[in-house]
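Novice: Next up is a structure, given as structure tokens.
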Amino acid sequence: MRVSRPVGSHTRTSGGLAKAALPYADAAGSEAVQVYVSNSRGWALPPGDPKQDTLFRDGCGERGLPAYIHASLLVNLGSPTEQTVQRSVETLEHALRRGAAIGATAVVFHAGSSVDPAHDDKALHQVREALLPMLDVAAARGLPKLLVEPSAGGGRSLASKVQDLGPYLAAVEHHPWLGVCFDTCHAWAAGHDLAAPGGAAATLAALDAAVGLDRLWLIHANDSKDACGSARDRHENVGAGTIGVDGFAALLQHPTAAGLPVVVETPGHKAHEGHAKDIATLRSLVPTP
Ligand SMILES: [Zn+2]
100 MRVSRPVGSH TRTSGGLAKA ALPYADAAGS EAVQVYVSNS RGWALPPGDP KQDTLFRDGC
160 GERGLPAYIH ASLLVNLGSP TEQTVQRSVE TLEHALRRGA AIGATAVVFH AGSSVDPAHD
220 DKALHQVREA LLPMLDVAAA RGLPKLLVEP SAGGGRSLAS KVQDLGPYLA AVEHHPWLGV
280 CFDTCHAWAA GHDLAAPGGA AATLAALDAA VGLDRLWLIH ANDSKDACGS ARDRHENVGA
340 GTIGVDGFAA LLQHPTAAGL PVVVETPGHK AHEGHAKDIA TLRSLVPTP
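The sequence shown lines up with residues 100 to 388 when you count with our numbering.
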């Protein structure tokens, strides 16, 4: 059964994609799954196991779970280091291929950074050169979509505030295969006060003005261990952090965010309990019609 607003979690895969992820999703009560298809902090690109891929795809299909891939955290298309850009391209191409094999809807990647102020002017052009051909190929072959996720800020980030998405999307000519993943912890760290009255609505309005809300295809619902504007990316369980449950309620109950899939990337990754609780909390904020 496909639910109108799937709420799920990032899901472990060690021991086999289907073998590990499906029982985890079941135990956590996930209605959407997100997985890594390569080491989150490495460049190795494993080929995958066709048998596990089929089992995963079929298992997600039977359960009505949309699947997402999170690309390696090392991906940085704005890097001043040529080898990093090349590896980032190969990692995203690999994730798109793997995504097609496992039936994923989209591949999430971080917006990246120019690292060095002297590289600021070149970074977005570099993003364009790297992403445009990849988006064209993905669209032509019906591969998963790509979702750019703004970062927590700092380190010459190419996009942390939702307003930064305007130039980012413009750099790839608003290609129809590129959407946005909005991470609450990152947005909070970048200075969007989701806990203040009207804060979530103002953030969504700014996102709408920058790129149009029809570009928003996924929400990462993570609470934060740090203050708004801290530029720090330390996730906390939903309601246990500085954003608080009211901030999530305001965001998820906002009419323009209705129906968007939600994935938590909160602590509780090794055992499913933390995710089960966060999924239940988020579901309780948005009663199903
Ligand atoms: Zn995220």
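Cβ coordinates follow ideal geometry from the N, Cα and C atoms, glycine included.
Because the structure is a prediction, the values reported are computed rather than measured.
Within 8 Å of any Cβ in chain C, is that where the Cβ of Val174 sits?
Specialist: Among the protein chains of the structure shown there is no chain C, as only one such chain exists.
Novice: Report, in whole angstroms, the separation of the C-beta atoms of Val362 and Leu317, which I expect to be a contact under 8 Å.
Specialist: Sure, about 7 Å apart at Cβ, within 8 Å.
Novice: Using the Cα positions of Lys324 and Gly340, report the straight-line distance between them to the nearest angstrom.
Specialist: Taking the straight line from one Cα to the other gives about 5 Å.
Novice: So does Ser130 have its beta carbon nearer than 7 Å to some heavy atom of ligand 1?
Specialist: Checking the displayed sequence, the identity of residue 130 turns out to be Glu instead of Ser. No - ligand 1 has no heavy atom lying nearer than 7 Å to the Cβ of Glu130.
Novice: Whose CA, out of Gln151, Ala199, Pro179, lies closest to the CA of Ala239?
Specialist: The residue with the shortest Cα to Cα distance from Ala239 is Ala199.
Novice: With a threshold of 7 Å on Cβ separation, who are the neighbours of Cys159 within its own chain once the five nearest residues in sequence on each side are excluded?
Specialist: If we look at Cys159 and ignore the five residues flanking it on each side, its Cβ neighbours are Val132, Ala166, Gly202.
Novice: Can you find the residues in the same chain that come closer than 6 Å, C-beta to C-beta, to Arg314, ignoring five residues on each side of it along the sequence?
Specialist: Gly278, Val279.
Novice: What distance in whole Å lies between the Cβ atoms of Pro146 and Ser137, which are believed to be in contact at a cut-off of 8 Å?
Specialist: At roughly 10 Å, the Cβ-Cβ gap does not stay under 8 Å, so Ser137 and Pro146 are not in contact.
Novice: Using the beta carbon as the reference atom, which residues fall closer than 6 Å to any heavy atom of ligand 1, ordered along the chain?
Specialist: Listed along the chain, these residues meet the criterion: Glu248, Asp282, His319, Glu364.
Novice: Which full runs of the alpha helix (DSSP H) of 4+ residues lie inside the stretch 295 to 324, going along the chain?
Specialist: Counting only runs of 4 or more, we get 298 to 310.
Novice: Just to confirm the assignment, what range does the beta strand (DSSP E) spanning Gln352 have?
Specialist: That residue, Gln352, is in no beta strand (DSSP E); it is neither H nor E in DSSP.
Novice: Using a Cβ-Cβ cut-off of 6 Å (strictly less than) and excluding sequence neighbours within five positions of Ala330, which residues of its own chain qualify?
Specialist: Taken in chain order, the residues that qualify are Ala251, Gly252, Gly253, Ala288.
Novice: Which of helix, strand or coil does DSSP assign to Tyr167?
Specialist: Residue state, collapsed to three classes: strand.
Novice: Nearest-angstrom Cα distance between Glu130 and Val106?
Specialist: So the alpha carbons of these two residues sit roughly 5 Å apart.
Novice: Which residues does DSSP pair with Phe155 in a beta bridge?
Specialist: Partner(s): none; Phe155 has no beta bridge.
Novice: To the nearest angstrom, report how far apart Ala379 and Ala117 are at their CA atoms.
Specialist: Roughly 23 Å between the two C-alpha positions.
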